[in-house]
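Undergrad: This is the structure I want to talk about, given as C-alpha cells.
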Amino acid sequence: MNHTQIGQQIIDSVAQSVRESSDIPAIISSTLDTIHTQLHTSLTCFHVVDDIRQSYRLLGIHSSCDDDALAQRLHTLSGRVFPFFEWPGNQHQPLVIADVQADMCVEHREKWQYWTHEQIQSIIFIPLWFGNYYEGMLTAAFAAKLSQETTPVPTLLAVGTYIAAALVQARLKLTVQSEQTSLHTILDQLPEGAIIADAITGSIRYANEAAASLLQIPLAQLIGLPVHQFTRQHIPDVQKKAQGTLPPWNFFLIQALSGEIIRSKEATIVIPNGQKVVVLISCAPLSIKHDKQQILTGAIILFQDITKTKNVEQHKNEFISIASHELRTPITIIQGFADLLAHIPLETSSLNELTQSALMHIVDQSEYLTRLIDAMLDITRIEQQQLHLNLAMYDLHSLLSQVVDGQLMTTNRHQLHLTVEGLQEQEPLFGMFDKERIIQVISNLINNAIKYSPDGGAIEVGLRVVPIGKRSEKHLEAWIWVKDHGMGIAPDECSRIFERFYRARMTSNSSLSGFGIGLYVTKEIINRHGGRVWVESRLHEGSTFYIHLPLSLSPQIATEFVD
Ligand code: ADP
C-alpha cells in the first residue's frame, strides 16, 4: 500500500467510527490504535481544550514506550505548552517540526520537554477545528525525521476534522441533556399539565404527573405516543363528537411544533370515560442555537383544567341572558306608555306640567336601562359565541349620512359633520354587512366623541373607499374614522379601552357615566366583519377612532359568522 492508500484507509476507519458511535472514549481509542498501527507513531495523543482555551485535558494517548509517567505529565497541560505561541501564524494551520534536533533551539527544547522525548525525532500538532469550534489538539510524534514525501499531515488533518466534529456533537448533546434535566425538574413540580413533544419523531418525549392525571392515561403509556394521532387513537368515535367547538388539546401542540407560539387558548380533553374537560393552553416551540441558527427540537405545552370556572361562567351568562330578556319586556312597556302619556298635549290631557316632565324622565331613564340591558345581552352573546350577523348588501355612504344626521339632534355644543373622500356627494358605496350592527358601532363612536369632549368642538366622521390587494385578489375597503377634540386617552390605555368593562382613568375619575362595554362590542362586531378597529389619541387633545371594513366578506368569514 502506498502513502495515499494508507492515508485513505485511516480516514475511512475514523469516519466510520465517528458515524457509528457517539461514544467519545471509544472513538478516540480506536483512532489512536489506527494511527499508531498505520503510521508507526511513537506517541499519539488527543487533548481537549477548556472553554477559555487555557488548559488542555488528555483524552487519550498511545505511546510506543508505554510510559505511564509520560501520560501523567501530559494529563493536564497549560495552553502555553503547545508551541503555537512561539510559532506565529494562523492557528488553524498544523505545526510540523520535521526534525526536532535541527528545528528546535535548546531553549525551546527545554521548554517543550513534554514533547522532546529522547526517541522522538519529529512532531506534528494538528489543531482540532470544526467550523468555528476549536476543540483541542492532536499530537503525533515519530522516531524518524519527516520528509516532504512521507508527511502524513493531510491524513491527520482529515482525522482531526472528524474527531473535532464528534467532540462538538458530544458537547452539544451534553448541553441539551443538562438543560433538559433542569427543565424536567421544574416541570415535575408544576400543578399544570406539561408535555414536551419531539420535533423529529412528533411523539411525546416528556410528560409530568399532572398531565398524565388530566389526560387520565398512565405516565409510562403517555411517553412515546405520537402527538398527531393521539386524539384518534385514544378517543372513541362517539366521544369525538363530545369535544364541541373547542379544538382538541393536541391541535395547539402540533401548531407549536411548526414554530408557533400559542398563548392562553381554550381547548378540550376528552378523558377515557367520555367526559369533556376544558383546559387553558399555552404552547411554545423549543429550539437550540447552533452556528448562529435556531434549530427546532420540539415543543412544550402547558395546560390547566378550567372546567369548573367555565361551568360557573356558563351559569352566570345564562342567568344574565335570562334576566335581561325578562327585564326588557316590562321596561319596553313602561317606556312606551310613559312616552305616550308624555306626548299628549297639555290642553287635551288631565296631566299638569310637572307630571309631564316626570314622564319625560321616566322615558329617558328607561331608554338608559334598555341600552344597559342590550349591552349585557351583547356581552353574553359574545361570550357564548352567539353574536350572529345578518349580512346583506347596503349602501354604507347613505347609512353613515343617516347616522350623522340622527346624532346631530342630540348635541348643540358640537359641530358634527361627515367628510367623504373618493365618492361623489350622493354616490352609493355598496358593501356586505349587518346594517343594525354597523349603525350600533358608528353611533357608539359618535356618542363617545360627544360624551368625552364635554367642552364641545368639532367632530368629524369620515369615509374613504380604498382598493386593497393585488390584481386578482383586489377588493374594496371602507375606511371610517370618528375624530374628536376632547379629553383624549393615555397611550398605555389606547388598546385597553377595547377590553370588557375597561374605562380609561380620565373618564372613570370624572362624572361621565358609562359601562365600558361599547367598544368591546364594537371590536367584536368589526372583527366578525373581517375588519379592524383601533384608536389614535393624545391626552387633552382628542382621539380618532379608525375602522377598516372590507366591503365584500371573505367566504371563510361569511361561513364562520353568518347566521
Ligand atoms: P363607556 O363609554 O360606556 O364607558 P366604551 O366601551 O364605549 O364604554 O368606552 C370605553 C372607555 O374608552 C370609556 O370609558 C372611555 O374611558 C374611553 N373612550 C371611549 N371613547 C373615547 C373618546 N372619544 N375620548 C376619550 N375616551 C374615550
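The sequence shown runs 970 to 1532 under the working numbering.
We put the beta carbon where it would ideally sit given N, CA and C, even for glycine.
1) Can you tell me which of the three DSSP states residue 1519 falls into?
2) For residue 1264, tell me which candidate among 1141, 1438, 1241 and 1065 has the shortest Cα-Cα distance.
3) My guess is that residue 1379 and residue 1419 are in contact by the Cβ rule of under 8 Å, so how many angstroms apart are they, rounded?
4) Write down every uninterrupted run of the alpha helix (DSSP H) in the stretch 1007-1063 whose length is 4 residues or greater and which is fully enclosed by it, in chain order.
5) Leaving out five residues on either side along the sequence, give the residues of the same chain with a beta carbon under 8 Å from the beta carbon of residue 1282.
6) Considering only residues of the same chain and omitting the five flanking positions on each side of residue 1119, which have a CB-CB separation below 7 Å?
7) Going straight from the alpha carbon of residue 1422 to that of residue 1230, what length do you get?
8) Looking at the secondary structure, which residues open and close the beta strand (DSSP E) in which residue 1145 lies?
9) Grab the span of the alpha helix (DSSP H) containing residue 1105 for me, first residue to last.
10) If we require 4 or more residues per run, which alpha helix (DSSP H) segments fall completely within the stretch 1401-1468?
11) Helix, strand or coil for residue 1397, going by three-state DSSP, please let me know.
12) At which residues does the beta strand (DSSP E) containing residue 1162 begin and terminate?
13) On the DSSP bridge assignment, give the partners of residue 1239 in chain order.
14) Taking a contact to mean a Cβ-Cβ separation below 9 Å, would you say residue 1535 touches residue 1335 in this structure?
15) Do residue 1447 and residue 1430 have their CB atoms nearer than 9 Å?
16) Measure the CB-CB distance between residue 1339 and residue 1291 and report whether it falls below 9 Å.
17) Cα-Cα, which of 1242, 1250 and 1374 is closest to residue 1223?
18) Here's the rule I'm using: 16 or more other beta-carbon atoms within 10 Å means buried, otherwise exposed. How should residue 1347 be labelled?
19) Check residue 1472 in the structure and name its three-state DSSP category.
20) Give the secondary structure of residue 1375 by DSSP, where H, G and I count as helix, E and B as strand, and everything else as coil.
21) From residue 1367 to residue 1384, what distance separates their C-alpha atoms?
22) Please go through the same chain and pick out, in chain order, the residues whose beta-carbon is closer than 7 Å to the beta-carbon of residue 982, but skip the five residues on each side of it.
23) I'd like the span of the beta strand (DSSP E) that includes residue 1386, first residue to last.
24) Can you tell me whether residue 1216 is helix, strand or coil according to DSSP?
25) What does DSSP give as the partner residues of residue 1274 in its beta bridges?
26) Nearest to residue 910 by alpha carbon, out of 1039, 1006 and 1044?
27) Taking C-beta to C-beta, are residue 1361 and residue 1404 nearer than 9 Å?
28) What is the residue span of the alpha helix (DSSP H) that residue 1508 lies within?
29) Would residue 1179 be called buried (16 or more neighbouring beta carbons within 10 Å of its own) or exposed?
30) Would you identify the three-state DSSP class for residue 991, choosing helix, strand or coil?
31) So is the beta-carbon of residue 1407 under 8 Å away from any non-hydrogen atom of ligand 1?
32) Short of 8 Å in beta carbon distance, which residues of its chain neighbour residue 1294, apart from the five on each side in sequence? Order them along the chain.
33) Is residue 1513 helix, strand or coil when you go by DSSP?
34) May I ask you to report which of helix, strand or coil DSSP gives residue 982?
35) May I ask whether a heavy atom of ligand 1 can be found less than 8 Å away from the beta carbon of residue 1422?
TA: Quick answer:
1) In this structure, DSSP gives residue 1519 an extended state, which the three-state scheme calls strand.
2) Checking every option, the nearest Cα to that of residue 1264 belongs to 1141.
3) The C-beta distance from residue 1379 to residue 1419 rounds to 7 Å, short enough to meet the 8 Å contact threshold.
4) Those alpha helix (DSSP H) runs which fall completely within the stretch 1007-1063 and span 4+ residues are 1037-1042.
5) Counting only Cβ-Cβ distances below 8 Å, and skipping sequence neighbours, we find 1352.
6) Cβ neighbours of residue 1119 beyond the five flanking positions: 972.
7) C-alpha separation (whole angstroms): 41 Å.
8) In the DSSP assignment, residue 1145 falls outside any beta strand (DSSP E) and lies within the alpha helix (DSSP H) extending over 1122-1158.
9) Annotation for residue 1105: no alpha helix (DSSP H) segment contains it, though the beta strand (DSSP E) segment containing it runs 1102-1111.
10) Qualifying alpha helix (DSSP H) stretches, in chain order: 1404-1420.
11) Residue 1397 falls in the coil class under three-state DSSP.
12) That run of the beta strand (DSSP E) goes 1162-1167.
13) Note: residue 1239 is bridge-paired with 1245 in the DSSP secondary-structure output.
14) As shown, the chain starts at 970 and ends at 1532. That puts residue 1535 outside it, with no answer to give.
15) Going by C-beta atoms, residue 1447 is not nearer than 9 Å to residue 1430.
16) 9 Å or more divides the Cβ of residue 1339 from the Cβ of residue 1291.
17) Nearest of 1242, 1250 and 1374 to residue 1223, Cα basis: 1250.
18) Classification for residue 1347: buried.
19) Coil, per DSSP.
20) Correct three-state label for residue 1375: helix.
21) Taken atom to atom, the span from the alpha-carbon of residue 1367 to that of residue 1384 is near 19 Å.
22) Around residue 982: 1003.
23) Note, residue 1386: beta strand (DSSP E), 1383-1390.
24) If DSSP states are grouped into helix, strand and coil, residue 1216 belongs with coil.
25) Per DSSP, 1248.
26) Any question about residue 910 goes unanswered here, given that the chain covers just 970 to 1532.
27) Yes; because the gap between Cβ atoms is below 9 Å, this pair is in contact.
28) Per DSSP, residue 1508 belongs to no alpha helix (DSSP H) and is neither H nor E.
29) Residue 1179 sits buried, since 16 or more C-beta atoms from the chains shown fall within 10 Å of its C-beta.
30) In the structure shown, residue 991 adopts coil according to DSSP, grouped into three states.
31) No, the Cβ of residue 1407 stays beyond 8 Å of every heavy atom of ligand 1.
32) Listed in chain order, the non-local C-beta contacts of residue 1294 below 8 Å within the same chain comprise 1346, local neighbours out to five positions each way being set aside.
33) Residue 1513 falls in the strand class under three-state DSSP.
34) Of the three classes helix, strand and coil, the one that applies to residue 982 here is helix, per DSSP.
35) Yes; taking the cut-off as 8 Å, the Cβ of residue 1422 has a heavy atom of ligand 1 nearer than that.
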